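Residue numbers (this note's numbering): 103 to 467.
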């Protein structure tokens, strides 16, 4: 079936040694425990579980070894064990997203991160991307992974279905007014400019425009963005699905009321800078304590990564996870005491609030 990604392998061998038989027995014990359906172990086997669509084993001529060690195994003709593993084909929703042409008006770092993420996750191919930017170097960079650069923003719109407005906030209305004559009801307009409201986007793009306001962050460059979106104008559930499909290829995205997007900007939009500062400070502490710089930085970064994964995977409150590490009278509680005395918790809270306030200020300009 061409819709399946299939991996096939064949093993040709004589009678397997005893440990080989035991390994097969263990493998099929695991299979019995994990499979939803497993039948007729002597001929053909089909089961469906998780990422596997089906597995078929042809071993009608295979003869299991004796459970106890035999004195001598007589030579026999070679046996064949064919294993075919077929993984599930992409979902229909993913296929639909792949048909959308994507345009970037503004080809800066965030646009680059999004474009590369979509290409790396096979949501779209490079030749489905068009872009524009005042900088020749940025257009050349996009051209390097298959995108089509244009001098005119209108040309980007004419060659796109989903249009990312990735310019500085003060230029968003100017750009949308410029391309408004080329916009149709089939276009989905996605603004990733901080502080630019849905009302401003609709006023510039027209009352019939399908507008989605998104606040992503830079970790989308490594497929781990934390983003939020809200809909405006004539945007509907289909527009939301398209945008969600694209951003979930490079991380996570949540739908919120627009009044909360400033807080999203202050937390996850600006948050990577706070975390980078924290990693740098932890690494400096390690150097001060005697560690080599490269090891200190690697340990600090991996500690943040692992700790974040524990929060997401366990679902436990960060305070509960902190308590698991802080034994009475131990080293960790001594360090935590110093952080509390220095006001680190309040400093992070103040940083989020200050960035939120600035986002609200930008939205009124």
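No residue lacks a Cβ here, since even glycine has one placed at the ideal position from N, Cα and C.
Fair warning: this is a prediction, and the values are worked out from it, not measured in the lab.
Which of helix, strand or coil DSSP assigns to residue i
i	result
residue 455	helix
residue 333	strand
residue 417	coil
residue 405	helix
residue 221	helix
residue 434	helix
residue 387	helix
residue 321	helix
residue 144	Reliability of the predicted coordinates at residue 144 is poor, the pLDDT of 39 falling under 50, and the value obtained from them is presented with this limitation in mind. Coil, per DSSP.
residue 308	coil
residue 180	In this prediction, residue 180 scores a pLDDT of 47, lower than 50, which makes its location untrustworthy; no coordinate-derived value is stated.
Nearest-angstrom Cα separation, counted from residue j out to residue i
i	j	result
residue 393	residue 385	9 angstroms
residue 435	residue 429	7 angstroms
residue 230	residue 264	11 angstroms
residue 387	residue 443	17 angstroms
residue 453	residue 299	22 angstroms
residue 464	residue 342	25 angstroms
residue 407	residue 456	25 angstroms
residue 275	residue 302	7 angstroms
residue 255	residue 415	43 angstroms
residue 206	residue 432	53 angstroms
residue 359	residue 273	24 angstroms
For residue i, the nearest candidate out of the options (CA to CA)
i	options	result
residue 329	249, 237, 344 and 356	356
residue 461	424, 367 and 423	367
residue 345	208, 241, 291 and 268	291
residue 351	212, 205, 208 and 217	217
residue 219	390, 347 and 338	347
residue 405	446, 314 and 382	382
residue 323	374, 334 and 293	374
residue 222	349, 439, 315 and 257	349
residue 361	370, 331, 236 and 337	331
Contact under 8 angstroms by Cβ, residue i with residue j
i	j	result
residue 353	residue 327	yes
residue 296	residue 304	no
residue 282	residue 308	yes
residue 412	residue 423	yes
residue 233	residue 249	yes
residue 266	residue 204	yes
residue 279	residue 306	yes
residue 470	residue 251	Nothing in the structure corresponds to residue 470, since the chain is present only between 103 and 467.
residue 210	residue 268	yes
Residue range of the unbroken beta strand (DSSP E) whose run includes residue i
i	result
residue 354	353-357
residue 317	312-317
residue 294	Run containing residue 294: none; DSSP gives neither H nor E here.
residue 232	231-234
The ligand FAD heavy atom lying under 7 angstroms from the CB of residue i
i	result
residue 320	Within the structure as shown, the ligand FAD is missing, as the structure has no ligands at all.
Segment limits, alpha helix (DSSP H) that includes residue i
i	result
residue 244	238-246
residue 274	274-281
CB contact below 8 angstroms: residue i versus chain C
i	result
residue 386	The displayed structure is made up of one protein chain only, and chain C is not part of it.
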